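Residue numbers in the sequence shown follow our numbering, run continuously in steps of one, and reach 140 at the last position. To keep things clear, I will list the structure first and then write my remarks on it.
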Amino acid sequence: MNAMPSLPASVPYPRAAEICRWTLATFGDLRGLRAGLRAAVDVAAAGPDVSDRMTVVATELATNALRHGLPPTVVRLLREGDRLIIDVSDHDREAEPRLAENRPLGGGGLGLQLTRRFAIDVGWYATELTKHVWASFPS
Numbered sequence: 002m003n004a005m006p007s008l009p010a011s012v013p014y015p016r017a018a019e020i021c022r023w024t025l026a027t028f029g030d031l032r033g034l035r036a037g038l039r040a041a042v043d044v045a046a047a048g049p050d051v052s053d054r055m056t057v058v059a060t061e062l063a064t065n066a067l068r069h070g071l072p073p074t075v076v077r078l079l080r081e082g083d084r085l086i087i088d089v090s091d092h093d094r095e096a097e098p099r100l101a102e103n104r105p106l107g108g109g110g111l112g113l114q115l116t117r118r119f120a121i122d123v124g125w126y127a128t129e130l131t132k133h134v135w136a137s138f139p140s
């Protein structure tokens, strides 16, 4: 059996400034994340297409963190130059995010694939306490 490939490990945009932050404890918190993110991205003047793609990616990454990570899940919206960045963290530093390739439709595991398709760039990194998965978009 082949191992699933991992996302590239890299720390993105070191000078990025935080615009908003959401702490999620349950799947029910995703609704507030989606509404808050849409409002924040609209203020950042990214446009409806970018807002829609960022909302899908943030929801998918946050769902993965809630399902597979350790609480709390924190979603941050960052900006550096002409990029908006979604950064989702949880406290399971040991679990590398893996792409579920060749999985049958309806079998789950499409979140990272959608993220790679919708974002300009995507990766992950770990700190002493947390694991982060990030995706960048044009602003």
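We treat Cβ as the ideally placed atom computed from N, Cα and C, and that holds for glycine. Owing to the predicted nature of the structure, the values given are computational and were not obtained by experimental measurement.
Alpha carbon to alpha carbon, how far is residue j from residue i? Give it in angstroms, no decimals.
i, j, result
"N3", "R118", "Note that N3 scores 44 on pLDDT, short of 50, meaning its location in the model is unreliable; the coordinates nonetheless yield the value given after this. Cα to Cα, the separation comes out at about 23 Å."
"A40", "A59", "14 Å"
"A120", "S140", "12 Å"
"V51", "E129", "32 Å"
"D30", "M55", "17 Å"
"P98", "G48", "29 Å"
"D122", "T27", "27 Å"
"V89", "T131", "10 Å"
"A96", "N65", "11 Å"
Note down, in chain order, each residue of its chain lying with its Cβ closer than 7 Å to the Cβ of residue i, except the 5 sequence neighbours on either side.
i, result
"A17", "L79, R80, E81, I86"
"E61", "G112, L115, T116"
"L71", "D91, H92, D93"
Using a 10 Å radius around the Cβ and a threshold of 16 neighbouring Cβ atoms, would you call residue i buried or exposed?
i, result
"D53", "exposed"
"F138", "buried"
"A10", "exposed"
"P13", "buried"
"D83", "exposed"
"H69", "exposed"
Measure the beta-carbon distance from residue i to residue j and round it to whole angstroms, keeping in mind my assumption that it falls under 8 Å.
i, j, result
"V75", "R22", "6 Å"
"L25", "L67", "6 Å"
"L34", "W125", "Not really, about 19 Å apart at Cβ, beyond 8 Å."
Using a Cβ-Cβ cut-off of 8 Å (strictly less than) and excluding sequence neighbours within five positions of residue i, which residues of its own chain qualify?
i, result
"G37", "C21, W23"
"P73", "T24, L25, A26, D91, H92"
Quick one: which unbroken beta strand (DSSP E) runs of 3-plus residues sit fully inside the stretch 8-62? Chain order, please. 18-25
Quick check on the DSSP output: what are the complete beta strand (DSSP E) runs of length 3 or more inside the stretch 84-134, in order along the chain? 84-91, 122-127
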